[in-house]
Amino acid sequence: MSRRIAVLVFPGTNSEEETVRLLRDCGGDAHLVHWSGAALLPSFDAYVLPGGFAYEDRIRAGAIAAHDEMMDHVIAGAELGKLVLGVCNGAQILLEAGLVPGTGPVRHPTAAFTRNGPVAHFVCTHVHVKLSVKPGRSPITAALAPEAVIPAWAANAEGRLAAQENHLAELRNGDHIAFVYAHEKGNVDPTATPNQSALGVAGLVNRSGNVLALMPHPERDAWTFNHPDKRRGDDMLAPSGGAALFRSFVAGVQRS
Amino acid sequence: MSRRAVAIELKIPDNAAYTALVTLRRLGLAVERVERSQIVRYEDAPSPKVLVDRVQGDESLYNPNKHRVTVLDGDVPRTGEVWIVQDDPDMPVAWRLYVAPGTPASTEVLKIACERLLCNPAVERAIFSR
Amino acid sequence: MPEVAGVALRDDELARIRERLGREPSVVEVHAFDAQWSEHCSYKSSRHLLKKLPTTSERVILGPAEDSGILHLGEFNGERYGIVIAHESHNHPSQVVPFEGAATGIGGIVRDVLCMGAHVIAVADPLRFGRIDDLHSHQRYVAQGVVDGISAYGNAIGVPNIAGDVYFDERFDDNCLVNVVAMGIVREAEVIHSYAPQGADGWDIVLVGKATDASGFGGASFSSLTLDSADEDSNKGAVQVPDPFLKSVLMRASYHAFEFLRKQGLSVAFKDLGAGGIMGCSAEIASAGGYGASIDLDAVNVAIEGMRPEVVAVGETQERLLWVVPPEITPELLRIYNDLFTLPDIAYNARAVKIGTVTAEKRYVLRHRGEVVMDVDIAFLTGSIRDELPFHDIPAPAGTAERSLVTGVQLDELIERVLAHPDVCSRAPLYRRYDTVVRGRTVIPRGAAGAGVLAPVWGSPLGVALAVAGNPRYSRIDVRLAAEHAVYEAVRKVVAVGARPIGLTDCLNFGNPRKPEHYSELVAAIDGLARAAKNFETPFVSGNVSLYNESASGRAIPASPVVACVGAIDDIANVVTMPLKAAGSVLYMVGRPQTALGSSVLLDVLGRSDEHLPRIDYEAILAQHTLMYEASQAGLLRSAHAIGNGGLAAAACEMAFAALAEGHAPVGVRIDDSWQWTQGRVGNLEAYFGEAGGFVVEVAAADVEAFESLAAQADYIHEIGVTLDRPVLAIDDDAFDLHHLRDIWYAPLREVYP
Chain A
796 MSRRIAVLVF
806 PGTNSEEETV
816 RLLRDCGGDA
826 HLVHWSGAAL
836 LPSFDAYVLP
846 GGFAYEDRIR
856 AGAIAAHDEM
866 MDHVIAGAEL
876 GKLVLGVCNG
886 AQILLEAGLV
896 PGTGPVRHPT
906 AAFTRNGPVA
916 HFVCTHVHVK
926 LSVKPGRSPI
936 TAALAPEAVI
946 PAWAANAEGR
956 LAAQENHLAE
966 LRNGDHIAFV
976 YAHEKGNVDP
986 TATPNQSALG
996 VAGLVNRSGN
1006 VLALMPHPER
1016 DAWTFNHPDK
1026 RRGDDMLAPS
1036 GGAALFRSFV
1046 AGVQRS
Chain B
59 MSRRAVAIEL
69 KIPDNAAYTA
79 LVTLRRLGLA
89 VERVERSQIV
99 RYEDAPSPKV
109 LVDRVQGDES
119 LYNPNKHRVT
129 VLDGDVPRTG
139 EVWIVQDDPD
149 MPVAWRLYVA
159 PGTPASTEVL
169 KIACERLLCN
179 PAVERAIFSR
Chain C
50 MPEVAGVALR
60 DDELARIRER
70 LGREPSVVEV
80 HAFDAQWSEH
90 CSYKSSRHLL
100 KKLPTTSERV
110 ILGPAEDSGI
120 LHLGEFNGER
130 YGIVIAHESH
140 NHPSQVVPFE
150 GAATGIGGIV
160 RDVLCMGAHV
170 IAVADPLRFG
180 RIDDLHSHQR
190 YVAQGVVDGI
200 SAYGNAIGVP
210 NIAGDVYFDE
220 RFDDNCLVNV
230 VAMGIVREAE
240 VIHSYAPQGA
250 DGWDIVLVGK
260 ATDASGFGGA
270 SFSSLTLDSA
280 DEDSNKGAVQ
290 VPDPFLKSVL
300 MRASYHAFEF
310 LRKQGLSVAF
320 KDLGAGGIMG
330 CSAEIASAGG
340 YGASIDLDAV
350 NVAIEGMRPE
360 VVAVGETQER
370 LLWVVPPEIT
380 PELLRIYNDL
390 FTLPDIAYNA
400 RAVKIGTVTA
410 EKRYVLRHRG
420 EVVMDVDIAF
430 LTGSIRDELP
440 FHDIPAPAGT
450 AERSLVTGVQ
460 LDELIERVLA
470 HPDVCSRAPL
480 YRRYDTVVRG
490 RTVIPRGAAG
500 AGVLAPVWGS
510 PLGVALAVAG
520 NPRYSRIDVR
530 LAAEHAVYEA
540 VRKVVAVGAR
550 PIGLTDCLNF
560 GNPRKPEHYS
570 ELVAAIDGLA
580 RAAKNFETPF
590 VSGNVSLYNE
600 SASGRAIPAS
610 PVVACVGAID
620 DIANVVTMPL
630 KAAGSVLYMV
640 GRPQTALGSS
650 VLLDVLGRSD
660 EHLPRIDYEA
670 ILAQHTLMYE
680 ASQAGLLRSA
690 HAIGNGGLAA
700 AACEMAFAAL
710 AEGHAPVGVR
720 IDDSWQWTQG
730 RVGNLEAYFG
740 EAGGFVVEVA
750 AADVEAFESL
760 AAQADYIHEI
770 GVTLDRPVLA
780 IDDDAFDLHH
790 LRDIWYAPLR
800 EVYP
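Protein chains in written order, with the numbering used here: chain A, 796 to 1051; chain B, 59 to 188; chain C, 50 to 803.
Given below as structure tokens:
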């Protein structure tokens, strides 16, 4: 039986269209679920939280959405082991909801994606992220190659990971750092990180590996026509590049 | 010269405060009204009148169409108010909660509001009035 | 006459109103006419002039009659798709409160596209600011606030910014220009018009969106007055408050409503509220269909109780739209906005609500607390009024440029100064603040070429390109030719990416039309735009006029026609990008270098002047564009870039800088001594830095024969050099390190937009 993926739409979400299309192009049975249809969520097998400005990032990015009725169902689903992927604002919501890294109680965040450094402005720039856990650490990343480098776009004003010292240490010790910023060839150094994110973190995973929060957008460099380096003769409409993560997610959902 | 703070508030409808109110009520807090302001603290402040002129002349802080500015007594939160500090200790955001018209919230209620919503301890700290 | 403060109507206009009404107008009526007859709303000084612009072609689905124009893009899966395009200005508000002014500018232009039944897919921002060197100047605050406002709004609603430009000139010190363009995609069968359709007598008028408040009261007439700092506080009061969060929900809900209406197979009307508020929108939507309207102001959802009726009627609260639908449809429309998309939970008292009725009787009637506060002939209210203003012909400068105007200057110094010039330096620090890839359909993002490109129809290889242009320096020499250059530059940026230019929009930013010298500039510019549009066969389908751009001291902006060009791409596989691709390619200039250097960056750098703008030879240019198109379709162009500010040298550098990006093998440029490839027709510096137009293209060695045979001995292609395998620019006898040049090019705006 085909597993169904819900792509959540909060008021202010804006990246759901490319997210749901990419999931489908990667073989997923994905559907948009809208904030007034939260009651539908328990019937889905996996959840994706796309990018945008849910509730206009009022108070803090993701803070209000974390208390939305839709998140009640995502939290319940995550506790049952359902796979959850959050991208950009979706990642911020997962951190505010305490689901990632999940080292504190629900809805008591121990980390945040907060104001970029050195200057606190929205920046839109092409990046690469590198898998920094073993693929098998999470069903979401299981189909990726070890140390896979994935292209993406960072497009946010609050993408910098920050946490109290003890919690940062726990991120390292608990193998929560799923993705770091890297150069195209996979080498990691501070110049690869566009926003001074602590430890160069681009993505985090929870203890049991079923919830992943990723700040940059792979779904915006996911079809060949998106690639900065596309060449004539390429199949422009084919998924590629950033689609790798979504393919792996869909594979993980089908196996779940 | 002394330590002073000003509160810069919106004169026009404040949607962020409205959303905070709706969410806090949904979380079970008996809050009736929420006000938000930007606090600016001055270590070595001139007289209140000069301070107001300075703030009103700073286009990055103040716009007469949107804002009103109040000079506070001292530089601590007012009754019913909590200040949330992130990176810059001199520019906290102030949330002022009322449990009934004209009745500011107690520190206890403010602490619950911070713990549930207004303050993320990973990156922020809350300052209460004594 | 009632005592009404803050109204811009002239005595003769008030007298006309009194005469037509046969009585004194009410306070509400005075404010209504003040808004409706303002320059901003009525185009009274310009409408008759704009008739000179060509507005039709096979590709035009809808010309400039409504809020946006629509151009045929192509077909896919048996459906015809249209590109919806609109262009506006928000100059005065942005000068006074830059963030809100620019943000609400984006908000407004997006609504113009949305209300045609389209999905909004892109925005562009042509900007002109004053001098920004002084850290504490108002101009600098404006330049930063405007970009912040555009960024905050466009990013939040998830509409990518794919094109734009910026100029800095002291004549914009007191009057910045914030022009905005929005683009949408629509199935042609699903276009929704902004006039009440046949059979709409008795239909419901439904207001949707933000609760009406007192913000933006006086906005329309405000934007038609000159700015005087003594009025600063009241100027700020007229500025509207942006709410992109509410807008994003409104857009989403409207898309859902479009789907519902499509399934019903119904013809309805949809229009956005802008200048003149509820009154302007409802009067126009009714009268354009040949109807009248009756509105109950008490039905309007308001943010504050007790507002005066004229504020409710005419105030310009943002984020509002208006439907005209059959009464049996209204309940579902209200359910979509209010229940399904929970508008009242999104913003205080936001909602959809019926406020009135379309009437067969052609009057415009407003009621408040049971009393009639406005009752006028609707055609008199919305009908075109015209100001006959004096102007004179502005003759073009005589003579031609002499050759070799510029001698005795070292090339190495020049290259660096040209690259660092405010018209040439990298705009990346500015546009990095814009989301250019949201929605996943971006093929060429902002800054990666002179035009942005999207693949707007999922699953289809169709593409659309968008570029803007309008160099404000040119109009000082020759207004008419400067306007032609604006069209030419926008068109060639679109051609450079392999697209076919199919249509134009314009915004005419000028001074005080009641001063003959400024009005004459407007007349001349429209002549120039018309001439160019006819020659390029690219009609104008949408546009805007912004007049009175002068301060109270009488200092006016340079005549500033700003143009946007839309291009159609049949298959995005044939798109041509800007970065140089490989060493060992041959570089060509497609175009003809000229001796005229008037208003060029080169002369500005040298502190010299020339009173001659480059000529535009349409026949030769059209042949060049045909060559570019055929070559791109045949896959012969490895990369290409339109030549503009800073000339060929700057264009080649930009292509090389783009290739310095990560992960690429380094590619450099050698440009041969221009005496070789111009046969001495122009001097070196005119060849390297002249701004006569054209392109730099990169052709693989293996494709040279095919490319040159396409060009068939034409005298407008010149083999100018080759690409190298190391990151240098070799030009004449000099060699420059490309990383060093890129740093110089990148630095200036980074200082303003860190």
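Don't be surprised by glycine CBs; every beta carbon is placed ideally from N, CA and C. On a predicted model such as this, the values are computed, not experimentally measured, just so you know.
- Chain-ordered, the chain B residues with CB closer than 8 Å to the CB of Pro-904 of chain A read Asn-178, Pro-179, Ala-180.
- The Cβ of Pro-1011 of chain A sits no closer than 8 Å to any Cβ of chain C.
- Going by beta carbons, Ala-915 of chain A and Asp-1016 of chain A fall outside the 8 Å limit.
- By the rule that beta-carbons nearer than 8 Å mark a contact, Leu-175 of chain B touches chain A.
- Within the same chain, Ala-103 come within 7 Å of Ser-60 of chain B by CB-CB distance, once the 5 residues on both sides are set aside.
- Three or more Cβ pairs closer than 8 Å define a contact, and the segment 590 to 601 of chain C falls short of that threshold against the segment 520 to 540 of chain C.
- Chain C has no Cβ within less than 8 Å of the Cβ of Ala-834 of chain A.
- Secondary structure of Phe-805 of chain A (DSSP, three-state): coil.
- With at least 16 other beta carbons inside 10 angstroms of its own, Gly-742 of chain C counts as buried.
- Here Phe-221 of chain C has Arg-177, Phe-178, Gly-179, Ile-606 as same chain residues with Cβ atoms under 7 Å from its own Cβ, once five neighbours each way along the sequence are excluded.
- The distance from the Cβ of Ser-595 of chain C to that of Ser-117 of chain C is about 18 Å, inconsistent with a contact at the 8 Å cut-off.
- When the Cα atoms are used, Gly-150 of chain C and His-141 of chain C turn out to be separated by approximately 8 Å.
- In the three-state reduction of the DSSP assignment, Trp-252 of chain C falls in the coil class, being assigned neither a helical nor a strand state.
- For Asp-292 of chain C, the residues of chain B that pass the 9 Å Cβ criterion are Asn-73, in the order they occur in the chain.
- With contacts defined as CB atoms closer than 8 Å, His-470 of chain C and Asp-182 of chain C fail to qualify as a contacting pair.
- Selection B:Ser-95, B:Val-143, B:Leu-155, B:Glu-182 evaluated against Arg-126 of chain B yields B:Ser-95 as nearest (Cα-Cα).
- Taking the Cα positions, Phe-744 of chain C is about 31 Å away from Pro-113 of chain C.
- In the DSSP assignment, Tyr-216 of chain C falls within the unbroken beta strand (DSSP E) covering 210 to 217.
- Annotated three-state conformation of Arg-67 of chain C is helix, per DSSP.
- Residue C:Thr-408 holds the alpha-carbon nearest to the alpha-carbon of Pro-246 of chain C among C:His-89, C:Thr-408, C:Arg-799.
- Contact between the segment 880 to 891 of chain A and the segment 99 to 113 of chain B is absent, with fewer than three C-beta pairs closer than 8 Å.
- Around Glu-90 of chain B, the same chain offers Tyr-156, Val-157, Ala-158, Pro-159 as residues with beta carbons nearer than 7 Å, after the five sequence neighbours per side are excluded.
- Between the alpha carbons of Pro-941 of chain A and Asn-1005 of chain A lies a distance of about 18 Å.
- Pairing Arg-816 of chain A with Val-167 of chain B, the inter-Cα distance amounts to about 45 Å.
- Taking CB atoms only, Thr-909 of chain A has a neighbour in chain B less than 8 Å away.
- DSSP places Gln-459 of chain C in the coil class of the three-state scheme, outside both helix and strand.
- With the criterion set as a beta carbon lying under 8 Å from some beta carbon of chain B, the members of the segment 930 to 958 of chain A are Ala-957, Ala-958, in sequence order.
- No Cβ of chain C is located within less than 8 Å of the beta carbon of Glu-93 of chain B.
- Taken in chain order, the members of the segment 122 to 150 of chain C whose beta-carbon sits within less than 7 Å of a beta-carbon on chain B are Val-146.
- In this structure, Thr-772 of chain C lies near Val-716 of chain C, with their beta-carbon atoms less than 8 Å apart.
- In the displayed model, Val-56 of chain C falls within coil according to three-state DSSP, outside both helix and strand.
- With respect to the 8 Å criterion, Ile-158 of chain C and Val-230 of chain C are classified as neighbours on the basis of their beta carbons.
- Check the Cα spacing between Cys-474 of chain C and each of C:Val-544, C:Ala-622, C:Cys-556, C:Tyr-216: the tightest is with C:Tyr-216.
- The beta carbon of Ala-212 of chain C sits closer than 7 Å to those of Ala-173, Arg-495, Ala-500, Gly-501, Leu-515, Ala-516, Val-517, all from its chain and outside the five residues before and after it, given in chain order.
- With its beta carbon at least 8 Å from every one in chain C, His-868 of chain A lies outside the interface.
- Put simply, of C:Val-146, C:Gly-248, C:Ala-573, C:Ser-343 the residue whose alpha carbon is nearest the alpha carbon of Asn-121 of chain B is C:Val-146.
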